[in-house]
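A.B. asks:
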Amino acid sequence: MFLVLLMLAQNIDLQRPPDWVLEANEGRVRCFSPDRKSLVAIEPIASTGDAQTVMRRLLASKRIGPIDATSNIRMKSDGGQVEVEFSGSIASGAVQARAMLAIRGQAGTLYVAAAPANQFAQRLPQMVEML
């Protein structure tokens, strides 16, 4: 299943504004705003537990997809998926982010949306639509 997710990720083309830049490699898909301050990402995750356990491991590593997770972490779980909202940083600076992890069997998919805190609420609907 994990290999299938990796193969599918290579062919993903997100519905995005024409000026957003798409990058895909090693099963990861990331799409950046023109100023690279906002992003969406989809990543396959190998699972050795339920969604909440896997997300806790990611949080403990201080890394959620392409984002260094630092503070203000709020997590909610619903069966086979878990969602977190947190503050963190990417290469272009500080961001507010939301991530959702869905697990099925031994494979999962991590969905991430991030933007500067003062733009996050405004940009989130558009970014979720892209995912």
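In the working numbering, the protein residues as written are 2 to 132.
We put the beta carbon where it would ideally sit given N, CA and C, even for glycine.
These figures come from a predicted structure and were not determined experimentally.
Taking only the alpha-carbon atoms, compute the straight-line gap between Gly81 and Gly50 and give it to the nearest angstrom.
C.D. replies: Here residue 81 is taken as the residue at index 80 of the sequence shown, counted from 1. Here residue 50 is taken as the residue at index 49 of the sequence shown, counted from 1. If you take the alpha carbons of Gly81 and Gly50, they lie about 10 Å apart.
A.B. asks: Assign Thr110 to one of three DSSP states: helix, strand, or coil.
C.D. replies: On the sequence shown, position 109 is the one that residue 110 refers to. Reduced to three states, the DSSP call for Thr110 is strand.
A.B. asks: Since I believe Arg105 is in contact with Glu84 (beta carbons under 8 Å), could you give me their beta-carbon distance rounded to a whole number of angstroms?
C.D. replies: Start at 1 with the first residue of the sequence shown, and residue 84 comes out as number 83. Start at 1 with the first residue of the sequence shown, and residue 105 comes out as number 104. Incorrect: roughly 16 Å between the Cβ atoms, too far for contact.
A.B. asks: Who pairs with Phe87 in a beta bridge, going by DSSP?
C.D. replies: Translated into positions along the sequence shown, residue 87 becomes position 86. Answer is Ala98, bridged to Phe87.
A.B. asks: For Leu125 and Tyr112, what's the separation of their Cα atoms in angstroms?
C.D. replies: Your numbering for residue 125 matches position 124 in the sequence shown. Your numbering for residue 112 matches position 111 in the sequence shown. Distance between the alpha carbons of Leu125 and Tyr112: 13 Å.
A.B. asks: Determine the direct distance from the alpha carbon of Ile43 to that of Val55, and round the result to whole angstroms.
C.D. replies: The count along the sequence shown starts at 1 and reaches residue 55 at position 54. The count along the sequence shown starts at 1 and reaches residue 43 at position 42. Approximately 16 Å, taken between the alpha carbons.
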